[in-house]
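Since the structure comes first, as structure tokens, the remarks are kept for the end.
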Amino acid sequence: MSGLTRSAQPDIVVMPPAEAYDFDYFRARVDARLLSRSIAVRVFRMPLLAVPVGGIRRGGWFGADSLAVALAVRDVLAPLNGFPGARIVWRCAPRSSYAVEWGDPPPATWLDDDERLAFYGLTRPTTTATGLEPGRHDRARASSPADFTSSSTDPYGRNPR
């Protein structure tokens with residue numbers, strides 16, 4: 006076993022909720038009181054939101070690519086108020102991976118999307134005057150050359166350096 010080395014512990018950092026990449030997603034869908042009690046958990050370089058249970062939110066989860074990451078995230082969440090019963094599970098959907106769950110265990114199957122949203126205390130986001138969710142861009146809109154700018158002095162332009 007002299008050739009085997011112990012793998013490094015994952016770099017987990019707790020940050021303010023607004024630092025999470027998915028903060029706007031949850032801001033449009035979850036109760037503001039829960040949002041203010043949530044935390045951003047940075048795994049490697051990407052902070053994602055962990056929203057506590059409370060009110061109508063019965064459970065939550067945080068995906069992890071490895072058991073080491075799942076253990077580290079669970080160890081961060083377990084002592085915090087709002088993350089009861091933090092546990093590691095194996096999920097087959099949306100892709101096979103570990104996840105840290107807290108609160109009530111989710112049902113094995115959902116009757117419909119509304120039941121899933123209700124369990125996680127999520128609401129459908131409101132739309133803007135353009136008919137889009139806040140922060141979303143209309144990808145179906147045709148683009149024109151006028152939508153893009155280019156300059157020969159641009160250091161990242163297509164001209165040879």
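Taken in order, the sequence shown gives residues 6 to 166; the numbers are from our numbering. Ideal placement from N, C-alpha and C gives every residue a C-beta, glycine not left out. Values in this document were obtained by computation on a predicted structure and should not be read as measured data.
Output the boundary residues of the alpha helix (DSSP H) element that contains Leu122. Start and end: Asp118 to Phe124.
Are Ala104 and Val94 touching if we call contact CB-CB under 8 Å? Between Ala104 and Val94, the CB-CB gap stays under 8 Å.
Where does Val18 land, buried or exposed, given buried means 16+ other C-beta within 10 angstroms? By the C-beta density criterion, Val18 is exposed, having fewer than 16 other C-beta atoms within 10 angstroms.
Would Asp109 pass as a contact of Gly59 if the rule is Cβ separation under 8 Å? For Asp109 and Gly59, no; Cβs fall outside 8 Å.
Kindly indicate which three-state DSSP category Leu54 falls into: helix, strand or coil? In this structure, DSSP gives Leu54 an extended state, which the three-state scheme calls strand.
In terms of residues, what are the limits of the alpha helix (DSSP H) holding Tyr30? In the DSSP assignment, Tyr30 falls within the unbroken alpha helix (DSSP H) covering Phe28 to Arg32.
Can you say whether Leu116 is buried or exposed, counting buried as having 16 or more other CB atoms within 10 angstroms of its CB? The residue in question, Leu116, is exposed, as its Cβ has fewer than 16 Cβ neighbours within 10 Å.
Helix, strand or coil at Val19 according to DSSP, with G and I counted as helix: In the structure shown, Val19 sits in a strand (DSSP, three-state: E or B).
Own chain, CB closer than 6 Å to Met6, minus 5 neighbours either side, in chain order: Per-residue confidence for Met6 stands at a pLDDT of 49, beneath the threshold of 50, marking its modelled position as unreliable; no derived number is given.
Out of curiosity, what's the CA-to-CA distance linking Gln14 and Arg38? Using only the alpha carbons, I get a separation of about 33 Å.
Rounded to whole angstroms, how far is the Cβ of Gly87 from the Cβ of Pro57, which I believe are closer than 8 Å? Right, their Cβ atoms sit about 2 Å apart.
Closest residue to Ala91 among Ser101, Trp66 and Arg100 (Cα-Cα distance): The shortest Cα separation from Ala91 among Ser101, Trp66 and Arg100 belongs to Trp66.
Sub-8 Å separation of Val46 and Val81 beta-carbons: With respect to Val81, Val46 sits close: the two C-beta atoms are nearer than 8 Å.
For Trp107, which of Arg121, Leu54, Arg79 and Asp27 has the nearest alpha-carbon? Out of Arg121, Leu54, Arg79 and Asp27, Arg79 has the C-alpha closest to the C-alpha of Trp107.
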